[in-house]
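Working notes, structure below.
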Amino acid sequence: MGKLRRFKDPQQIPGALVESYSIGHILRRWRSAILGGEEKKKVSQFPPPEPTDKLIEEPQITNVEPSLDLGTITITETWKGLPQEIVDHIVFMLRNDLESLKACSLTCKAMFISTRHVIHRKICLTWEKNWDLLTIPEKQRYIRGERQGIAVRVLSAIAAHGLLPYARHLYIHLNRNFTPVNLQPFNDHFQRFDRIQELSIYWLHIPDFLSGNFDAYFPNFVPTLRSLHLETPTGDTRDILDFICRFPNLDDLTFKMVSGDSRDWRTSGPLPVVNKMPPFRGRLKLCGIDERCGRMIQQLISLPGKCHFRSVDFRSCRFEVEQPIVDACSSTLESISTTWGRFCE
Amino acid sequence: MIRPLAQSRSEEAVDEKGLPLDLKDTTNLRSFTLRVDFEDIGYPYEALAETFQTITSFSFSEFVLEVGRVIPAREPAHCAWKWWGAWTELDKMFERLDTKRGFRVVIRVEKLDGEPYFFSQAEDRLPLMAARKGIVFEIGPFPEK
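As given, the protein sequences belong to chains V and D, one line each in that order. Quick note on my numbering: the first sequence kicks off at 1 and runs consecutively. Quick note on my numbering: the second sequence kicks off at 1 and runs consecutively.
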């Protein structure tokens, strides 16, 4: 008994004699510590705690290695014993720490279920992930440019894991493969993204997805989309404005261009007729915007309906772009960010 | 007027600058953020002063300076003028704002090797705000990058 009390840290003494506790016992003690004395009565469903004297007098003594042997240990308790509110609070605190969330999700079913919707909140459809899923013959086809049926294969894999309903933020970076032709074989899966609040698309040839194709591919995004990020979109400025205004609940808008990207933009015909201007009550972020793209943004925020952006973030934009946009949103702007010189991100 | 040593390196960046802005109509402006590379930190003070003079918003209470790129690790504080230029002029403006309605300057760096030196430089160039404990230093990733 005396020996046991002296060896406070058995890991410092190889082969030390230590008591073995089950995980359930440790969790019971932990839960008692968290929930306090009142909850102890509710724990009566578990075997009554052994008297302290017995624990000291008749310890189950084994000679163990410093590391825990998970292969032989008996698990008598799980996270199910903890109130759901505590589990949810733990998950909430870890919401920005993906690695910790993944580690938690492996501990038990309760944590797996609680963390799943947070871990898979953002889904990335990238060409790298898609490439990893292809077989060698498919990769050869891909290289030859015959990409129909394989360019968005990643969507099938995500659907097979049942992750589509959890997505709230969809990031699409398939290079120039995100076209109606390539998406069509997987459109059933794509339509299951019905709760997306944030949509980021790298390279989108917008005219391809307008007219009838918009209703074929994007109707599920219309009710819930709050934030749209377009990186190097291509097409007519009129089409780009038209595309943006088809999401009636948009609050945040991001345009990211590489200098000179808009040189191929054309401006043809009058501005689109907009039935309902998005509210635009959030953040306007403009990266690398030149004069031509800046004019399009000005056209956008001068469309019928008032622009309510509360925050404007200019990153490496031409000077001529900034002042007119600030003026257009001046009544509601609370925060302005800008860069000086060639600030590199 | 003290010109920073970094001026020559910034010449070609001039045509991309976003300042000064006329903010007289932004009546609800609360915060203004400027992102600048460390080597250009002494450069925008005139344009900043010009911009701040146009602000009429009564809720304007925060200036955030996000400093990017590499910061020299062993730059003694007494050399701060080389990098910071005439920020003391801005310091007086910040102090006036702080006296009127409460104001703070947030200096945010993503990563740097010699932060005590950099922070002491900042306090050296903004002595009035430093005395009023109106400077907040932050190290970490820039938000919403």
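Note that beta-carbon positions come from the ideal geometry of N, C-alpha and C, so glycine has one too. For clarity, every value in this text was computed on a predicted model and none was experimentally measured.
For residue i, tell me which candidate among the options has the shortest Cα-Cα distance.
{"i": "V/R246", "options": "V/R141, V/P279, V/R292", "result": "V/P279"}
{"i": "D/E138", "options": "D/D37, D/L65, D/L29", "result": "D/L65"}
{"i": "V/I86", "options": "V/G212, V/S227, V/T115", "result": "V/T115"}
{"i": "V/P185", "options": "V/T339, V/H120, V/R153, V/V222", "result": "V/R153"}
{"i": "V/K351", "options": "V/S100, V/D236, V/L253", "result": "The requested residue 351 of chain V does not occur in the structure, where chain V is confined to residues 1 to 345."}
{"i": "V/E320", "options": "V/L241, V/F190, V/E291, V/E146", "result": "V/E291"}
{"i": "V/M257", "options": "V/G294, V/C124, V/T339, V/K129", "result": "V/G294"}
{"i": "D/G140", "options": "D/K111, D/F119, D/A122", "result": "D/K111"}
{"i": "V/H161", "options": "V/C317, V/F92, V/H189", "result": "V/H189"}
{"i": "V/L133", "options": "V/C124, V/S156, V/I113", "result": "V/S156"}
{"i": "V/C307", "options": "V/I113, V/G145, V/R318, V/G282", "result": "V/G282"}
{"i": "V/E198", "options": "V/Y166, V/S211, V/D215", "result": "V/Y166"}
{"i": "V/A159", "options": "V/I143, V/T135, V/G288, V/L125", "result": "V/L125"}
{"i": "V/E146", "options": "V/E99, V/F243, V/N177, V/N187", "result": "V/N177"}
{"i": "V/D88", "options": "V/F209, V/M111, V/F243", "result": "V/M111"}
{"i": "D/W84", "options": "D/V136, D/T99, D/Y117", "result": "D/Y117"}
{"i": "V/Q84", "options": "V/Y217, V/P233, V/I113, V/R318", "result": "V/I113"}
{"i": "V/M277", "options": "V/S316, V/C287, V/G288, V/P248", "result": "V/P248"}
{"i": "V/T232", "options": "V/C287, V/R144, V/V91", "result": "V/C287"}
Would the C-beta of residue i count as close to the ligand NAD, meaning under 7 Å from any of its heavy atoms?
{"i": "D/S59", "result": "Although the ligand NAD was asked about, the structure shown includes no ligands whatsoever."}
Cβ of residue i within 8 Å of Cβ of residue j?
{"i": "V/I196", "j": "V/L230", "result": "no"}
{"i": "D/R108", "j": "D/F60", "result": "no"}
{"i": "D/Y45", "j": "D/L90", "result": "yes"}
{"i": "D/T88", "j": "D/R125", "result": "yes"}
{"i": "V/L94", "j": "V/C108", "result": "no"}
{"i": "V/T339", "j": "V/R310", "result": "no"}
{"i": "V/L250", "j": "V/R226", "result": "yes"}
{"i": "V/V181", "j": "V/Q140", "result": "no"}
{"i": "D/V106", "j": "D/V67", "result": "no"}
{"i": "V/N220", "j": "V/D194", "result": "yes"}
{"i": "V/L163", "j": "V/I123", "result": "yes"}
{"i": "V/R121", "j": "V/R168", "result": "yes"}
{"i": "D/L48", "j": "D/K92", "result": "no"}
{"i": "D/F63", "j": "D/F94", "result": "yes"}
{"i": "V/L101", "j": "V/V118", "result": "yes"}
{"i": "V/N187", "j": "V/Y142", "result": "no"}
{"i": "V/I289", "j": "V/F243", "result": "no"}
{"i": "V/D215", "j": "V/T179", "result": "no"}
Could you check how far apart the C-beta atoms of residue i and residue j are, in whole angstroms? I think they sit under 8 Å.
{"i": "V/S337", "j": "D/T54", "result": "With a Cβ gap of about 17 Å, V/S337 and D/T54 do not count as contacting."}
{"i": "D/A134", "j": "D/R104", "result": "Reading off the sequence, residue 134 of chain D comes out as Gly, not Ala. About 5 Å separates the two Cβ atoms, so the contact holds."}
{"i": "V/N407", "j": "V/W131", "result": "Past the edges of chain V, shown from 1 to 345, lies residue 407 of chain V, and the structure says nothing about it."}
{"i": "D/T51", "j": "D/T27", "result": "Not quite, the Cβ-Cβ distance comes to about 15 Å (not below 8 Å), so this is no contact."}
How do the region 166 to 180 of chain V and the region 204 to 212 of chain V stand: do at least 3 beta-carbon pairs fall below 8 Å, yes or no? Yes, the region 166 to 180 of chain V touches the region 204 to 212 of chain V.
Say whether the region 316 to 328 of chain V touches the region 21 to 31 of chain D, bearing in mind that this needs 3 or more beta-carbon pairs closer than 8 Å, one atom from each stretch. Segments in contact, yes.
Spell out a yes or no on whether the region 233 to 245 of chain V and the region 294 to 304 of chain V are touching, meaning 3 or more CB-CB pairs, one atom from each, closer than 8 Å. Result yes; three or more Cβ-Cβ pairs closer than 8 Å.
Completely contained beta strand (DSSP E) runs for the region 128 to 195 of chain V, where each covers 3 or more residues: Listed in chain order, they are 169 to 173.
Going residue by residue through the region 31 to 57 of chain D, where are the continuous alpha helix (DSSP H) segments of at least 4 residues, counting only ones entirely within it? Counting only runs of 4 or more, we get 45 to 53.
So within the region 227 to 252 of chain V, which uninterrupted beta strand (DSSP E) runs reach at least 3 residues, ignoring any that extend past its ends? DSSP assignment within the region 227 to 252 of chain V yields the following whole beta strand (DSSP E) runs of 3 residues or more, N-terminal first: 227 to 231.
Any alpha helix (DSSP H) of 4 or more consecutive residues that is wholly inside the region 82 to 125 of chain V: Within the region 82 to 125 of chain V, the runs of alpha helix (DSSP H) that reach at least 4 residues and sit entirely inside it are, in chain order, 84 to 93, 98 to 105, 109 to 119.
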